[in-house]
Each structure stands twice: as C-alpha cells, then as structure tokens.
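> The numbering of the sequence shown is the numbering used here, which starts it at 4 and goes up by one. This is the structure, below, for whatever I ask next.
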Amino acid sequence: MTCSICRTPAEKVTARSSSKPANNSSSNSDKFLDIALTSAKFITHRRREFNLPFAAASDILAENFSGSDGVSKSVTISLFLLDGTAGGRIRCTISGRTGVILKIPRKDLSKCNGLDALKSDGVYFLLGEADGRQKIYVGQAGSRKNGKGLLNRLNEYNRDVTKNFWSEAIILTTVDNSFGATEISWLEHKFCNMAIKAGRCEVVDGNKPSPGNITEEKASDIEDYAEFTQLVLSAIGYKIFEPPQKNSSPPAAEADDEIFYLSRKIKRIGRTIAATMTRTPTGYKILAGSEICPIDSDKLSAPLKKLRHSEKISDGRLTEDVEFNSASTAAEFVIGNSANGLQEWRTRDGLPLKNFLGGN
4 MTCSICRTPA EKVTARSSSK PANNSSSNSD KFLDIALTSA KFITHRRREF
54 NLPFAAASDI LAENFSGSDG VSKSVTISLF LLDGTAGGRI RCTISGRTGV
104 ILKIPRKDLS KCNGLDALKS DGVYFLLGEA DGRQKIYVGQ AGSRKNGKGL
154 LNRLNEYNRD VTKNFWSEAI ILTTVDNSFG ATEISWLEHK FCNMAIKAGR
204 CEVVDGNKPS PGNITEEKAS DIEDYAEFTQ LVLSAIGYKI FEPPQKNSSP
254 PAAEADDEIF YLSRKIKRIG RTIAATMTRT PTGYKILAGS EICPIDSDKL
304 SAPLKKLRHS EKISDGRLTE DVEFNSASTA AEFVIGNSAN GLQEWRTRDG
354 LPLKNFLGGN
C-alpha cells in the first residue's frame with residue numbers, strides 16, 4: 004500500500020522563490036518557496052538566519068533519503084510563508100498529498116485562530132533553549148468539541164509557566180484530518196524516541212509516550228510519514244532527529260576564513276569587547292576566551308540572561324565553547340543586547356557574515 008503523504012527525493016536540488024501578482028485581495032505575504040529536494044549535503048549556514056532574504060537560501064539541500072521501496076523519486080515541497088517572511092509562520096505541503104507541517108513561532112500563536120490545520124488531530128514539537136541546551140517537548144492533540152484540537156493545546160502550553168522554554172512549535176497533521184488516535188500516538192512515541200536517540204536536544208517529556216496498538220499495514224504508512232517529516236524538517240533547518248556529526252579534526256585545525264570576529268565598543272562599560280565564532284553543522288559556536296559584556300539589556304530573553312551569568316563565564320571571558328542556533332543569538336549573548344548577527348560577525352577582512360553567506 005502506498006502512503007498518500009510521502010515520496011522520496013531525486014539527485015539534484017533547485018530552489019526558487021516567487022510572489023503572487025499583487026491585487027486587491029493579496030499582499031506581500033502571499034509568497035511561496037518551491038524546493039526540489041535531493042540527496043545531497045544539507046547546507047546548514049543558510050538554514051535559519053531568517054533576516055536573510057529567502058532567495059539567498061537558494062542552495063537549501065536535503066540529506067540522502069529514500070523511501071521504504073529503496074527507490075529515490077523526485078518531490079517538490081511547497082513552503083507557504085504565511086507572514087511574508089521566513090522568520091514567521093511557514094506551512095509545508097506536497098502537491099497532491101495530504102501531509103502538512105507547520106512552523107509557528109510562539110510570538111505568532113495569536114495569529115493562528117483561522118488556520119484550519121490547527122483544528123485537526125496531530126503531533127507537535129515545542130522547541131527552545133534554556134540553561135544553554137536545546138530542549139524539545141513532543142506531544143499530541145486530538146479533536147475537541149470546540150474544534151480547536153492542536154491550537155487549544157498550544158494555547159495551554161503558552162500559558163504553562165513550567166514549559167516556558169519554547170520559542171517555536173512544529174505541527175504535524177493532514178489537510179483532511181485523517182489522523183486518528185492510533186496514528187498520533189504512534190508518531191508521538193516514534194519522535195520522542197528519535198529525539199532521545201539523536202541527543203541533540205534535551206527531551207523534557209515527563210512520561211515516555213506509548214505507541215499504542217497498530218497493525219503492520221498502518222505502521223508502514225505512518226513510518227513513511229515520519230520519514231517525510233524528517234526530510235522536510237532537515238530542509239528547513241531542523242535536524243533535531245539526526246545525531247550530531249563528529250568532527251574528524253580538532254578545532255585548532257579549522258580554516259581561518261571560517262572564523263568570524265565581533266568587536267563592539269560598549270558604552271555601558273566604557274570599553275570594547277571582542278569575541279570569535281565558527282560555524283558548525285548545527286549552528287554557530289562562540290569560542291572559549293571570547294569577552295562577554297557583563298551587563299544585560301532588558302531586551303534579552305530570560306534563558307539567555309541566565310546563560311550569560313552561568314559558570315561558563317569567568318572574569319568576563321567564556322571558559323568553554325558555547326553553540327547557538329543562529330548568529331544573532333550568538334551576538335546577543337556576547338553583547339548583552341539585541342543584535343543582528345549577520346552584520347555584527349565579520350571575517351578577518353571585515354566582510355559581514357551576511358555577505359560571506361551570499362546575502363545582498
């Protein structure tokens with residue numbers, strides 16, 4: 004039996020972005036990015052610097068991937084930018100398929116009342132950072148009498164102070180609400196185990212979910228959906244279910260043109276601080292010895308403030324390498340204030356990170 008929500012990629016990738024023609028009923032938010040995914044190495048450094056124009060991420064690639072039949076086939080994933088920017092809400096679909104994946108920043112949750120996909124059954128991941136570690140919560144939501152299954156659950160967690168770590172949510176559902184209790188229980192169990200095994204994030208689920216009872220035929224279909232989900236998430240920059248790659252050479256062997264520098268005079272302390280950073284397969288790493296501004300701005304998030312006053316800093320210097328998802332968060336950690344990492348971090352020759360990555 005062929006799964007209606009999955010296919011597998013071919014051997015070449017292209018990406019293009021376009022906008023619908025302007026008219027009285029449309030706006031700049033009607034933007035699409037179609038990506039023909041392939042079996043190639045995923046380019047991490049373009050993946051989540053959302054203040055880059057999306058066209059600058061035209062070399063987004065996927066990892067090797069093939070379905071249960073072992074045959075690679077082409078597939079086009081459409082990314083609908085609901086807010087007109089890559090940093091906002093994104094809906095991922097495949098033409099002619101029923102699977103839907105949504106990326107929703109927590110700050111944009113209030114805009115989601117009209118999203119039909121959030122009225123369905125599904126699985127969700129709450130993602131964020133706290134205490135210097137990436138965290139994930141894997142959960143599920145079934146239909147409710149008020150018709151707001153997934154949305155209602157997300158709103159509950161938005162008010163839950165015990166899960167205040169998350170900054171964005173990933174939603175897995177279908178356009179025809181074809182998931183039932185069996186499917187979402189199995190997927191919740193599957194992804195919770197995968198996150199634990201990958202070890203990229205701390206899994207904060209209190210109890211390990213049960214897979215429920217499922218037939219072999221149904222398991223095959225849902226397994227395809229799980230593989231499709233991994234592919235899409237990897238393509239848009241989330242490798243939470245893939246174990247980190249081990250470096251084959253020590254950090255000292257890194258090329259000099261892969262080191263970025265931040266130098267900023269901080270009026271609040273009356274001196275200039277300096278820090279260095281490298282890129283990694285999963286983000287950006289500030290190197291030990293970097294100077295850290297001792298004063299926090301009110302604009303910083305609580306988790307980042309806490310990390311800036313942890314044992315990782317001694318006498319105003321970082322005592323060990325610290326990795327972040329984005330260059331902007333790395334810059335904010337150093338400066339103690341809001342910052343555009345694409346402009347703050349520069350090569351030895353003074354080239355901004357944005358230009359180094361190919362942005363305009």
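Virtual Cβ for every residue (Gly too), placed ideally from N, Cα, C.
Count Cβ pairs between the region 260 to 270 and the region 218 to 227 that sit closer than 8 angstroms; are there 3 or more?
With a cut-off of 8 angstroms, the region 218 to 227 and the region 260 to 270 do not count as touching, because too few Cβ pairs lie within range.
> In whole angstroms, what is the alpha-carbon distance linking residue 346 and residue 171?
Roughly 24 angstroms between the two C-alpha positions.
> Look at the alpha carbon of residue 83 and the alpha carbon of residue 153, and state the distance between them as a whole number of angstroms.
About 19 angstroms.
> Across which residues does DSSP place residue 268 in a beta bridge pair?
Partner(s): 275.
> Give me, in chain order, the residues of the same chain whose beta-carbon lies closer than 8 angstroms to that of residue 205; leave out the 5 immediate sequence neighbours on both sides.
Excluding positions up to five away in sequence, the list reads 136, 137, 138, 139.
> I need the boundaries of the alpha helix (DSSP H) containing residue 200, first residue and last residue.
184 to 201 is the extent of the alpha helix (DSSP H) around residue 200.
> At what residues does the alpha helix (DSSP H) containing residue 228 begin and finish?
First-last of the alpha helix (DSSP H) with residue 228: 219 to 238.
> What residue does the alpha helix (DSSP H) around residue 337 start on, and which one ends it?
That run of the alpha helix (DSSP H) goes 330 to 338.
> Grab the span of the beta strand (DSSP E) containing residue 129 for me, first residue to last.
From DSSP, the beta strand (DSSP E) with residue 129 extends over 125 to 133.
> Is the beta carbon of residue 185 less than 8 angstroms from the beta carbon of residue 217?
Cβ atoms of residue 185 and residue 217: closer than 8 angstroms.
> Does residue 177 come out as helix, strand or coil in the three-state DSSP assignment?
Here residue 177 sits in strand by DSSP.
> Would you say the region 305 to 312 touches the region 270 to 282, given that touching needs at least three Cβ pairs under 8 angstroms?
Not touching, per the Cβ criterion.
> For residue 359, which residues does DSSP report across the bridge?
Answer by DSSP bridge pairing: none, since residue 359 is not bridged.
> Taking all protein chains shown into account, do 16 or more other C-beta atoms lie within 10 angstroms of the C-beta of residue 231, making it buried, or fewer, making it exposed?
Its Cβ being crowded by 16 or more others within 10 Å, residue 231 is buried.
> Let me know if residue 31 comes out buried or exposed under the rule of 16 or more other beta-carbons within 10 Å of its beta-carbon.
Note on residue 31: pLDDT 33, under 50, position unreliable in the model; the coordinate value appears next. By the 10 Å Cβ count, residue 31 comes out exposed.
> Among 200, 124, 270, which one has its Cα closest to the Cα of residue 245?
Ranking the options by Cα distance to residue 245, first place goes to 200.
> Taking C-beta to C-beta, are residue 187 and residue 106 nearer than 8 angstroms?
No, the Cβ-Cβ distance between residue 187 and residue 106 is not below 8 angstroms.
> Please work out which residues of its chain come closer than 6 angstroms, Cβ to Cβ, to residue 146, disregarding the five sequence neighbours upstream and downstream, and give them in chain order.
Once the five neighbours on either side are set aside, the close Cβ partners of residue 146 are 124, 152.
> Here's a check: name, in chain order, each residue in its chain whose Cβ is nearer than 8 angstroms to the Cβ of residue 292, leaving out the five neighbours to either side.
Excluding sequence neighbours, residue 292 sits near 279, 320, 321.
> Exposed or buried, what is residue 191 when buried is set at 16 or more other beta-carbons lying within 10 Å of its beta-carbon?
Result: buried.
> Got a sec? Which residues, its chain only, sit under 6 angstroms from residue 108 by beta carbon, not counting five neighbours each side?
Cβ neighbours of residue 108 beyond the five flanking positions: 171.
> Might you give, ordered along the chain, the residues of its own chain that have their beta carbon closer than 6 angstroms to the beta carbon of residue 287, omitting 5 neighbours on each side?
Result list for residue 287: 280, 327, 330, 333, in chain order.
> Who pairs with residue 108 in a beta bridge, going by DSSP?
Answer by DSSP bridge pairing, in chain order: 171.
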